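Trainee: Okay, handing you the structure first.
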Amino acid sequence: MDQSTDTTTFADLALRPELVEALSSLGYEEPTPIQRESIPPLIAGQDLLGQAATGTGKTAAFALPMLEHLEGENRSKNPTGLILVPTRELAMQVSEAVHKYGRALGARVLPIYGGQPIGRQLQALSRGVDVVVATPGRAVDHIKRGTIPLKNIAMVVLDEADEMLDMGFAEDLDAILGALPAERQTVLFSATMPKRIESLARRHLSNPTTIRIEAPIVAKGDAPKVRQLAFMVPRSHKPAALGRILDVESPAAAIVFCRTRVEVDQLTETLNGRGYRAEALHGGMNQEGRDRVMARVRSGNADLLIATDVAARGLDIDLLTHVVNYDVPSAPESYVHRIGRVGRAGREGVAITLAEPREHRLLENIQRVTGDKIAIEKVPTISDLRNRRMELTLGTLRETLLDDDLDRYRTIVESLTDEFDLFDVALAAVKLTHEATTGAEDDVEIPEVEVRRKNDRKNDHGDRGDRGDRGDRGDRDKKGKKGKDRSIGVDSTRLYFPIGRSAQVRPGDLVGAITGEAGLAGKQIGSIEIADKFSLVEVPEKSADDIIRAMKKTTIKGRKVVPRRERFQRFER
Ligand code: AMP
């Protein structure tokens, strides 16, 4: 890899000071490869054809040059920038990003998409807007009504152009581009470059600079041999998911990479709050601070180092067993650098990547470039974790029974057995051990996410339109499933069904069997947790025995599945 390009800073890209300041306050330490390559030609006014997936930092790659050219205070009410995106979600996300980058410049950004009252969009347009971020369908509506003044548009961006074509927006794009001033800059970003995109580019771009960020940078086989795992997790669930994964993996020492300083600080605080010993390391710290952190990590006084790429560059930590990518790295080369920190000298290393559903393509790129397979795993469920904690408690007690001199506690047990049953005394002691060794219970339901592969996309164009919701539709559907928050209250109990995900059981199968056989109404059934080999279903205490009896007469997924009361219930808080 060319090290010289690696050290480019945002200031080197000759961005105006307000933008450099905004990036610094967002905690961005350096431009991503797509930003390094796109920003200079875009500032110079060239058209650009870029191949880059979500997660590479492409939004800033086009938004910063667009904002760079924004005029001073008394600017016209008419927009100078137009960004076309396939979905409402992306329209909101891109507007937010442009707003963040351009805040100090007073940039006025307006997302427009179908489903939102047009009146509000018209009002905002009449007050004055600098950048419009629109889905093609709604943009065409406005153009037909003459409600978006286009005469000042100096830069138009087609973001995720392949998605827009897949969704049937080809004609709309031609109509919009045809209505813009001929003297303008056109930028097209697409994750893939099929012939239709090339032809769109030929029709509307003039002599563009081309950039391809997913070109293989690392020779196949160069990446170290490391167990590579990825977990698909919606952003809001990442801290909880990371906690669970760390609990199950139990790394001796791990480095967790984040994109920004701000993220490093936030995650460090969250993890410390959850009882981990985490230290932050980023470019905003002075040398003394960094040395202190490294000393704590090297001496084993901290087991997690949360860092940005820049701060971790050149660090060599012997004891590292795990590298965690809190986000998918913006380029395969960065992934390879990061995971190269473990699996050295024949030791086993583990690389864990948390990916948001929309980032699956970035993950596929990395696999293609490195030639290594990244196994997509399921985030441990609450039940998996609970079982693991029970195992830990069992192990601790077994060791104590074998090794320790227990005789001095005999008087306590004897005096308690005057009053209580010996078995209950043992249960209370186990409870105390369990709480002391395993800490607080995590009860956040993390939705399972299905990854939509490229080929799935073709099946659902028609109904997506402006309402499309990109790759994370899967988890939205799942949110409807019964989770912890559906608890039915104190007079409930949980039934253990010895059938789980490995038998393809879904909440509906369990609810169906219970309501069908035991005559309960669906709303009487509370939270449902499905682990690999079993499921836990919350039901009213008074119906538990009836349900157990009824289930003896039926099958779930063709198997006889007789539930019993959850064995560990008495330990719960
Ligand atoms: P995008 O590919 O534009 O969707 O960006 C992916 C994520 O990377 C977003 O959360 C951005 O805020 C973040 N990001 C973009 N550029 C940088 C950068 N230079 N340093 C750190 N994070 C960045």
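According to the numbering used here, the sequence shown is numbered sequentially starting from 621. Virtual Cβ for every residue (Gly too), placed ideally from N, Cα, C. It should be emphasised that the depicted structure is a prediction, and the values quoted were computed from it without experimental measurement.
(1) Alpha carbons only, please: which of Gly920, Asp947, Val948, Glu953 is nearest the one belonging to Ile937?
(2) With a threshold of 7 Å, establish whether the CB of Glu716 neighbours any heavy atom of the ligand AMP.
(3) Just grab the DSSP bridge partners of His942 for me.
(4) What are the start and end residues of the alpha helix (DSSP H) that includes Val884?
(5) Nearest to Gln743 by alpha carbon, out of Ala727, Leu862, His762?
(6) State the Cα-Cα distance for the pair Tyr955 and Val760, rounded to the nearest angstrom.
(7) At the level of alpha carbons, what is the spacing between Lys1051 and Arg916?
(8) Is the distance from the Cβ of Ser1122 to the Cβ of Pro1160 below 8 Å?
(9) Where does Leu688 sit, in a helix, a strand or coil, going by DSSP?
(10) So Gly903 packs on Ala931, CB below 8 Å; how close in whole Å?
(11) For Thr1175, count neighbouring C-beta atoms within 10 Å of its own C-beta (all shown protein chains included) and say buried if the count is 16 or more, exposed if not.
(12) May I have the straight-line CA-CA distance separating Pro737 from Pro731, to the nearest angstrom?
(13) Does the separation of the CB atoms of Ala717 and Glu638 fall below 8 Å?
(14) Given the structure, does Thr629 come close to the ligand AMP, in the sense that its CB is under 7 Å from one of the ligand's heavy atoms?
(15) Among Lys815, Thr973, Ala642, Arg1018, which residue has its Cα nearest to the Cα of Lys998?
(16) If you draw a straight line from the C-alpha of Lys1153 to the C-alpha of Asn892, how long is it?
(17) Below 7 Å, is the gap between the Cβ of Tyr648 and the nearest heavy atom of the ligand AMP?
(18) At the level of alpha carbons, what is the spacing between Met784 and Pro706?
(19) With DSSP as the reference, please indicate the residues paired to Tyr733 in a beta bridge.
(20) With distances taken from CA atoms, which of Met914, Thr1016, Ser1035, Gly726 is nearest Glu1055?
(21) Can you round the beta-carbon distance between Met712 and Gly701 to whole angstroms, since I take them to be within the 8 Å contact cut?
(22) For Lys896, collect the residues of the same chain with a Cβ closer than 6 Å to its Cβ; drop the 5 residues on either side in sequence, then sort them by chain order.
(23) Is Pro651 near the ligand AMP, with its Cβ less than 7 Å from a heavy atom?
(24) Where Gly991 and Ile817 are concerned, what is the direct C-alpha to C-alpha distance, given to the nearest angstrom?
(25) Using DSSP with H/G/I as helix, E/B as strand and the rest coil, what is Ser696?
(26) May I have the straight-line CA-CA distance separating Thr679 from Ser856, to the nearest angstrom?
(27) Just grab the DSSP bridge partners of Gln987 for me.
(28) Quick check: what's the CA-CA separation for Glu791 versus Leu633?
(29) In three-state DSSP terms, what is Asp632?
(30) For Phe851, collect the residues of the same chain with a Cβ closer than 8 Å to its Cβ; drop the 5 residues on either side in sequence, then sort them by chain order.
(31) By how many angstroms is the C-alpha of Arg978 removed from the C-alpha of Asp1089?
(32) With H, G and I counted as helix, E and B as strand and the rest as coil, what does DSSP make of Met775?
(33) Cβ of Thr674 versus every heavy atom of the ligand AMP: is any distance shorter than 7 Å?
Mentor: To lay it out plainly:
(1) By 1-based counting over the sequence shown, the position of residue 937 is 317. Nearest C-alpha to Ile937 among Gly920, Asp947, Val948, Glu953: Gly920.
(2) For the purposes of this step, residue 716 is taken as the residue at position 96 of the sequence shown. Answer for Glu716: no, Cβ out of range of the ligand AMP.
(3) Mapped onto the sequence shown, residue 942 falls at position 322. Paired residue(s): Ala874, Val970.
(4) For the purposes of this step, residue 884 is identified with residue 264 of the sequence shown, where counting begins at 1. Val884 -> alpha helix (DSSP H) spans 881 to 893.
(5) Locating residue 743 in the sequence shown gives position 123, where the first residue counts as 1. Ranking Ala727, Leu862, His762 by CA distance to the CA of Gln743 puts His762 first.
(6) Taking the first residue of the sequence shown as position 1, residue 955 is located at position 335. Taking the first residue of the sequence shown as position 1, residue 760 is located at position 140. Spanning the two alpha carbons is a distance of roughly 40 Å.
(7) Start at 1 with the first residue of the sequence shown, and residue 1051 comes out as number 431. Start at 1 with the first residue of the sequence shown, and residue 916 comes out as number 296. So the two alpha carbons sit approximately 33 Å from each other.
(8) What you label residue 1122 is simply residue 502 of the sequence shown in a count that begins at 1. What you label residue 1160 is simply residue 540 of the sequence shown in a count that begins at 1. It is not a contact, given that the beta carbons lie outside the stated cut-off.
(9) Along the sequence shown, read from residue 1 onward, the residue named residue 688 stands at position 68. The question names Leu, but residue 688 in the sequence shown is Glu. In the displayed model, Glu688 falls within a helix according to three-state DSSP.
(10) Locating residue 903 in the sequence shown gives position 283, where the first residue counts as 1. Locating residue 931 in the sequence shown gives position 311, where the first residue counts as 1. Yes, they are in contact, since the Cβ atoms of Gly903 and Ala931 sit about 5 Å apart, within 8 Å.
(11) By one-based count along the sequence shown, residue 1175 stands at place 555. Exposed is the call here.
(12) Within the sequence shown, numbered from 1, the residue matching residue 737 stands at position 117. Within the sequence shown, numbered from 1, the residue matching residue 731 stands at position 111. Whole-angstrom Cα-Cα distance: 12 Å.
(13) One-based indexing of the sequence shown puts residue 717 at position 97. One-based indexing of the sequence shown puts residue 638 at position 18. No, the pair does not count as a contact, with Cβ atoms beyond the cut-off.
(14) By one-based count along the sequence shown, residue 629 stands at place 9. Result no, Cβ not under 7 Å from the ligand AMP.
(15) The residue labelled residue 998 in the question sits at position 378 within the sequence shown. Cα-wise, what sits closest to Lys998 is Thr973.
(16) Here residue 1153 refers to the residue found at position 533 when the sequence shown is read from its first residue. Here residue 892 refers to the residue found at position 272 when the sequence shown is read from its first residue. Taking the CA atoms as reference points, Lys1153 sits about 32 Å from Asn892.
(17) Here residue 648 is taken as the residue at index 28 of the sequence shown, counted from 1. Placement of the Cβ of Tyr648 at a distance of less than 7 Å from at least one heavy atom of the ligand AMP is found.
(18) As a position in the sequence shown, residue 784 is number 164, starting the count at 1. As a position in the sequence shown, residue 706 is number 86, starting the count at 1. The straight-line gap from Cα to Cα measures roughly 5 Å.
(19) Your numbering for residue 733 matches position 113 in the sequence shown. Answer by DSSP bridge pairing: none, since Tyr733 is not bridged.
(20) In the sequence shown, counting from the first residue as 1, residue 1055 sits at position 435. Residue Thr1016 is the option with its Cα nearest to Glu1055.
(21) Indexing the sequence shown from 1 puts residue 712 at position 92. Indexing the sequence shown from 1 puts residue 701 at position 81. With 8 Å as the limit, Met712 and Gly701 do not qualify as a contact, their Cβ atoms being about 17 Å apart.
(22) Start at 1 with the first residue of the sequence shown, and residue 896 comes out as number 276. Reading off the sequence shown, one finds Tyr at residue 896, where the question assumed Lys. Correct list, in chain order: Leu924.
(23) The residue labelled residue 651 in the question sits at position 31 within the sequence shown. Pro651 Cβ: within cutoff of the ligand AMP.
(24) On the sequence shown, position 371 is the one that residue 991 refers to. On the sequence shown, position 197 is the one that residue 817 refers to. About 27 Å.
(25) In the sequence shown, the residue the question calls residue 696 occupies position 76. Note: Ser696 maps to coil in three-state DSSP.
(26) Taking the sequence shown and counting its residues from 1, the one referred to as residue 679 is at position 59. Taking the sequence shown and counting its residues from 1, the one referred to as residue 856 is at position 236. In this structure, the alpha-carbon of Thr679 lies about 21 Å from that of Ser856.
(27) Against the sequence shown, residue 987 aligns to sequence position 367. Bridge partners of Gln987: none, in fact.
(28) Start at 1 with the first residue of the sequence shown, and residue 791 comes out as number 171. Start at 1 with the first residue of the sequence shown, and residue 633 comes out as number 13. Distance between the alpha carbons of Glu791 and Leu633: 36 Å.
(29) Counting from 1 along the sequence shown, the entry for residue 632 is found at position 12. Coil at Asp632, not helix or strand.
(30) If you number the sequence shown from 1, residue 851 lands on position 231. Contacts found: Ala861, Ile865, Ile972, Thr973, Leu974, Ala975, Ile996, Glu997, Lys998, Val999.
(31) In the sequence shown, residue 1089 corresponds to position 469, counting from 1. In the sequence shown, residue 978 corresponds to position 358, counting from 1. Confidence in Asp1089 is poor, its pLDDT being 33 and thus under 50, which makes the residue's placement too unreliable to answer from.
(32) Residue 775 sits at position 155 when you count from the first residue of the sequence shown. Correct three-state label for Met775: strand.
(33) Indexing the sequence shown from 1 puts residue 674 at position 54. Shortest gap from the CB of Thr674 to any heavy atom of the ligand AMP: under 7 Å.
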